[in-house]
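Student: Sequential numbering of the sequence shown, starting at 1, is according to UniProt numbering. Before I ask anything, here is the structure I am working with.
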Amino acid sequence: MNIFGTTFDYEGRLNRLRKVMEENELDAFIVHNWTNQYYYGGHYQHMPWYPLSHTHITEAPLILFKDHDPVFLSAFITMNAIREGTWIKDVRVNDTGFAKSPADGVAKVLAEKGLSKGNIGFEETTCTAKTYHSLVAALPDAKLKPAGDLLFIARSVKEPAEIALIRKAVEIGHSAIDVAIKTAQPGVTEMEVQFAMEIEMKRLGAMREVETMCQAGIRTANYRAFASEWKKIEEGELVTIDLGALYHGYGFDIARTWCIGEPKDEYRKIANDLYDIHDIFMDYLKPGMEFGTVFDHIRQAMIDRGYPANKAVMPCQQFAIHGVGLGPFHDFPHPTHRETIFEPGMVISFQPSVRTETYSIRFEDNILIKEDGLELLSTTERKLI
């Protein structure tokens, strides 16, 4: 049993992936990404060592097969944790004589399955160059195919148990936002607000914060930047928070902007336009629509309100649509796959925003796509300006 005590339909997940592998002529998949290892294998790494820290200890490839049972490879030091956390029965230890390296271990397992010359998928956005070259050397006759997106696509429609965990994560986010609004007073630093949010999320059971941010005044124009220890919030300034955290491995991604005191008219104008854009999105998106169609519709709606897509002109639009789930905060679907069809069971984030030279205003919400429309999961107050 993994550290959370969560159980999912792992056989069902593997069978769905096997259909995808069949369609894409893959015999096996080498999985390094820690979220994919949790989704398909059940084991949750206590920190995402690989690829941030790459050694023979931190690299623990999970091998998924189209026609065979999966195999988990590990170092001796992590063997017990992996065996405790995974449903997979075949866990092998590389550094006790089985193999000279993780790549050598992969090669031996594939040879055992008769796949030394097989079509082998790997996660090109996670696999390091060092790992890739090691695999090429260890598998000279195999065809290594970059196919990481297939793993994410196969998990894009959430199971009821996953949706329940995302709902709980969003509830934690609601409490953290309430704490942030109470904490963000004149004279308080951005870092104090960020710490207050993180403490609240930990108190409510979040295992790991993802991207907690607080920016005030001109620093909101940084858009993506952590809180500073030196910037104190002032009367009349905008405050933006963007936060996410993981609960039992599943996360949320929410942003809010408000003003300390009376907002300027230009702040009100932009905020009201963004509130309208949110409503347009909620009314427009329906199951069965293509990602690109929805994206283009929202882009045009923002252009019609005076916010060009040209980033060289201020004020300009900046909006995002992406999946929410294991992430750790941006999950599939995302804009690089414009042909994606929105399906019931997908959980997505919508973040309309406007940037100027001296500030930005943004709001982000998490939304469940259902058979009969959309459900707004992040119901904490949005109209704060």
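All residues carry an ideal CB built from backbone N, CA and C; glycine is no exception.
#1: Between the segment 42-55 and the segment 1-13, are three or more C-beta pairs nearer than 8 Å?
#2: Would you call residue 386 buried or exposed, if buried means 16 or more other Cβ atoms sit within 10 Å of its Cβ?
#3: Report yes if the C-beta distance between aspartate 242 and alanine 255 is below 8 Å; otherwise report no.
#4: Just how far apart, CA to CA, sit proline 70 and glutamate 371?
#5: Is phenylalanine 295 helix, strand or coil when you go by DSSP?
#6: Can you tell me which of Ala164, Ile280, Phe291, Ile321 puts its alpha carbon nearest to the alpha carbon of arginine 305?
#7: Looking at C-alpha atoms only, which residue of Trp87, Leu52, Asp27, Ser74 is the closest neighbour of aspartate 67?
#8: If contact is defined by three or more beta carbon pairs under 8 Å, each pair taking one atom from either stretch, is the segment 80-88 in contact with the segment 282-291?
#9: Could you give the DSSP three-state label for leucine 139: helix, strand or coil?
#10: Locate the alpha helix (DSSP H) running through valine 193, then write down its first and last residues.
#11: Helix, strand or coil for threonine 131 per DSSP?
#12: Kindly indicate the opening and closing residues of the beta strand (DSSP E) around arginine 92.
#13: Along the chain, where does the alpha helix (DSSP H) that runs through alanine 161 open and close?
#14: Hey, alanine 138 and aspartate 104 are a contact pair by Cβ (cut 8 Å); roughly how many whole angstroms apart?
#15: Short of 6 Å in beta carbon distance, which residues of its chain neighbour glutamate 59, apart from the five on each side in sequence? Order them along the chain.
#16: Distance check for valine 294 and proline 335, CA to CA, integer angstroms please.
#17: Could you tell me the boundaries of the beta strand (DSSP E) in which tryptophan 258 lies?
#18: Keeping to the same chain, check which residues put their C-beta closer than 6 Å to that of methionine 282; ignore five residues upstream and five downstream.
#19: By the 10 Å Cβ neighbour count, where 16 or more other Cβ atoms means buried, how is glutamate 200 classified, buried or exposed?
#20: Please classify glycine 373: does DSSP put it in a helix, a strand, or coil?
Tutor: Looking at the atomic coordinates:
#1: yes
#2: Nothing can be reported for residue 386, as the shown portion of the chain is limited to 1 through 385.
#3: yes
#4: 34 Å
#5: helix
#6: Ile280
#7: Asp27
#8: no
#9: coil
#10: 190-203
#11: helix
#12: 91-93
#13: 160-183
#14: 5 Å
#15: Tyr50, Pro102
#16: 10 Å
#17: 254-259
#18: Leu374
#19: buried
#20: strand
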